[in-house]
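Everything below concerns the one structure shown next.
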Amino acid sequence: MSTQDQQNSRGRPPLHIPDLHKAFLAPPGTRERIGLEVEAGVLDETTGLAAPYDGPHGMAALLQQVVQKWGGSPQRAGDVLTGAHLPDGTKLTLEHGGQLEYSSSPTDNLVTLVTAMRRTMEDLAGLAQQHGLVVVPGGNLPFNQVDTATWVPTVRGGVMRTYFAGLGPEGEGAPHIMKLSTSTQTTLDYLSEDDLASKLRVQVAASPVVAALLVNSPLYAGQLDGVLSHRCRDWLRMDPRRVGSPGPALRTPLTAEALTDWALGLPMIYRHGPSGYRLAGPQTFAHHLREGFDDGTAPDWDDWLSHLDQVYTTVRVRRTLETRAPDGPPYPHIPAVPALWTGLTYHPPSRAAAWELLRHYTPEEGNAAQRALPTDGLATRLGGDTVRDLAGHLLTLARTGLRARVQAGLEQPEVLAFLDPLDEILDTNETFAEQTARHWQTTYRNDPARYIAAHRIPPAT
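4 is the number of the first residue of the sequence shown in the numbering used here; add one for each residue after it.
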């Protein structure tokens with residue numbers, strides 16, 4: 004039965020392929036703003052183990068306290084408390100293993116963005132401290148094994164686990180990513196289809212370089228094993244069809260139609276209908292669009308947007324550009340991530356120069372760099388060049404872009420210092436991961452409590 008003969012589960016008209024392009028087109032009136040997402044572990048201050056979901060000092064109790072003290076509205080998945088929408092537009096959301104994600108409102112400049120993030124995260128650290136917990140950003144939960152972190156008990160999470168388990172070895176990294184990984188992500192805008200192509204190709208081409216520069220998850224279960232980014236390594240084992248680079252990003256021409264065709268060829272993981280979340284089956288979205296779902300209904304716009312949420316590429320396109328490649332840095336250095344992406348993306352001359360620098364590398368070379376960077380860090384090679392050399396060029400271009408924004412009155416002068424920690428990495432040839440590994444064996448004496456004391460977000464005073 005074709006979708007022409009079906010009704011979707013929400014009683015809306017069935018979709019047609021031209022309708023789907025709208026997900027990749029900027030709405031009228033869009034302007035260039037900046038969004039920030041910071042994922043962090045909420046950990047026991049002594050053992051470093053992740054807080055459970057339940058219990059008087061669990062994540063649900065902490066979220067309840069957030070809503071009671073700060074206002075806003077609780078967010079639930081069925082009966083499960085999963086987050087809070089705060090009065091200023093900020094969102095706090097639980098990831099599948101209880102990691103807490105801060106999502107900013109879009110802002111016009113980096114200083115406003117960073118100031119709001121620090122205020123909320125330090126206030127949150129103060130509430131967590133009342134429960135004997137600390138808030139620690141970075142690239143992963145460093146002291147848990149995948150089996151010792153608890154799942155947030157949502158139906159959607161269970162459906163996803165079933166899907167990835169069914170993939171065998173190609174899905175074995177998914178529990179690690181869902182339960183243990185943390186990152187810092189920047190969301191930026193595009194203004195037209197041509198602007199999308201110009202920005203997306205640079206972000207995708209730069210992603211292996213940025214990820215290698217920012218490796219920061221060297222510990223797993225409190226042990227060093229030579230891996231600099233467990234998160235980036237596990238990401239490669241989370242269904243290869245939906246990770247890495249967005250398929251058409253480095254092709255010419257890059258259009259909304261090309262992105263639509265690529266996403267249509269990916270299988271859905273789950274859908275949400277009247278009976279709740281359920282597996283969508285192994286078929287692609289294109290199949291469901293032609294033939295409908297197995298319950299006799301047809302996909303609608305919400306199904307399409309949900310499908311795009313189930314794509315975990317280095318840059319995710321959904322009317323915005325969400326850069327997802329790097330591990331999260333230590334708390335003091337979080338501003339470096341949005342500063343780097345903003346300087347490269349929002350200054351056309353810097354963006355053009357970055358593309359000229361990176362355009363010669365093939366997608367295969369980019370994929371090889373993604374596979375190498377979890378262990379090689381700055382020594383990773385992209386084609387015949389080292390990431391360290393390329394990162395130096397990109398940092399220079401990003402700083403030029405930020406300086407131009409300062410001169411145009413779009414940023415405050417202090418944003419230029421946001422990039423200094425990345426310059427230090429290149430000057431010392433020591434990534435955040437290598438700094439942590441060195442301190443773990445010396446200053447921290449293999450002691451989680453010492454690690455926590457050094458990496459926790461300071462509570463507001």
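For each residue, glycine too, the CB sits at the ideal point set by N, CA and C.
- In the DSSP annotation of this structure, the continuous segment of the alpha helix (DSSP H) that includes Ala371 starts and ends at Pro366 to Asp379.
- About 6 Å separates the Cβ atoms of Leu324 and Leu203, confirming a contact at the 8 Å cut-off.
- Phe288 and Lys72 have their C-alpha atoms some 43 Å from each other.
- The beta-carbon distance between Thr187 and Val340, rounded to whole angstroms, is 5 Å. This is short enough to meet the 8 Å contact definition.
- Taking C-beta separations shorter than 8 Å and ignoring five residues to either side along the sequence, the partners of Glu368 in its chain run Leu385 and Gly386, following chain order.
- As the crow flies, the alpha-carbon of Gly44 is around 21 Å from that of Thr434.
- It is roughly 44 Å from the alpha-carbon of Tyr454 to the alpha-carbon of Arg254.
- Gly141 is positioned such that its CB atom lies no closer than 8 Å to that of Asp305.
- Bridge pairing for Ile37: Thr110 and Leu191 [DSSP].
- Non-local C-beta neighbours of Arg402 in its own chain, meaning closer than 8 Å and more than five positions away in sequence, comprise Gly346, Leu419 and Leu422, ordered along the chain.
- Taking the CA atoms as reference points, Gly161 sits about 9 Å from Trp154.
- If you draw a straight line from the Cα of Ile20 to the Cα of Gly38, it comes to about 29 Å.
- Exclusion of the five residues before and after Pro90 leaves Gly74 and Gly75 as the residues of its chain whose Cβ lies within less than 6 Å of its Cβ.
- Scanning its chain for C-beta atoms nearer than 6 Å, with the 5 sequence neighbours on each side dropped, one finds around Leu66 the residues Leu84 and Ala87, in chain order.
- In this structure, DSSP gives Asp298 a state outside helix and strand, which the three-state scheme calls coil.
- Here Pro285 is actually not in contact with Thr439; their C-beta atoms are around 40 Å apart, not less than 8 Å.
- Only residues of its own chain outside the window of five on either side were considered, and among them Thr316 have a CB closer than 6 Å to the CB of Pro249, listed in chain order.
- For the 8 Å CB-CB criterion, Met124 and Ile428 do not form a contact.
- Judged by their CB atoms, Leu52 and Thr185 are not nearer to each other than the 8 Å cut-off.
- About 32 Å separates the beta carbons of Val205 and Lys182, which is beyond the 8 Å limit, so they are not a contact pair.
- Of the residues assessed, Pro335 falls on the exposed side of the cut-off, its CB having fewer than 16 other CB atoms within 10 angstroms.
- Collapsing the DSSP output to three states places Tyr447 in coil.
- Contact annotation: the segment 163-183 does not touch the segment 207-214, with fewer than three C-beta pairs closer than 8 Å.
- Here Leu292 is actually not in contact with Ala357; their C-beta atoms are around 36 Å apart, not less than 8 Å.
- The Cβ atoms of Arg274 and Ser309 sit closer than 8 Å to each other.
- When only Cα atoms are considered, Gly247 and Asn370 end up about 7 Å apart.
- DSSP places Glu42 within a strand segment (E or B) once states are collapsed to three.
- In the DSSP secondary-structure assignment, Lys25 is not bridged to any residue.
- Remark: C-beta atoms of Glu414 and Arg408 approach each other more closely than 8 Å.
- The three-state reading of DSSP puts Pro256 in coil, since its state is none of H, G, I, E or B.
- The Cβ atoms of Leu360 and Leu393 sit closer than 8 Å to each other.
- As the crow flies, the alpha-carbon of Leu97 is around 12 Å from that of Pro55.
- Shortest Cα-Cα distance from Pro302 to any of Arg354, Leu267, Glu104 and Gly174 involves Leu267.
- Its chain contains Leu257 as the residues whose beta carbon lies nearer than 6 Å to that of Ala200, once the 5 sequence neighbours on both sides are disregarded; these appear in chain order.
- In the structure shown, the three-state DSSP call for Val409 is helix.
- Note that the C-beta distance between Glu42 and Gly135 is not below 8 Å.
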